[in-house]
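In my numbering, the protein residues as written are 3 to 58.
Accompanying notes for the structure given below.
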């Protein structure tokens, strides 16, 4: 399930767009599969999480 403060994101191939945020690696992998071959899961560092939460 997508979560706007999750530790995992799905990025597009060019790393120019966050396609969604997720609580678990499994959820991010499932979402990346649904987005298609040109997306992948990525675990945010604590600093990245803080910056994204602040920007939201």
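Beta carbons are placed, not taken as given, at the ideal position from N, Cα and C, and that holds for glycine.
Predicted model, so just to flag it, every value in this text is computed and none were measured.
Contact check, residue i vs residue j, beta carbons under 8 Å
i          : j          : result
residue 34 : residue 17 : no
residue 6  : residue 58 : yes
residue 1  : residue 24 : Residue 1 lies beyond the residue range present for the chain, which begins at 3 and ends at 58; the question has no answer from this structure.
CB-CB length for residue i against residue j, believed under 8 Å
i          : j          : result
residue 43 : residue 27 : 6 Å
Collapsed DSSP secondary structure at residue i in the structure displayed
i          : result
residue 39 : coil
residue 51 : helix
residue 7  : coil
Rounded straight-line distance, which links the Cα of residue j to that of residue i
i          : j          : result
residue 21 : residue 31 : 12 Å
residue 29 : residue 56 : 23 Å
residue 41 : residue 10 : 13 Å
residue 53 : residue 15 : 21 Å
DSSP bridge partner residues for residue i (one or two, in chain order)
i          : result
residue 13 : 20, 42
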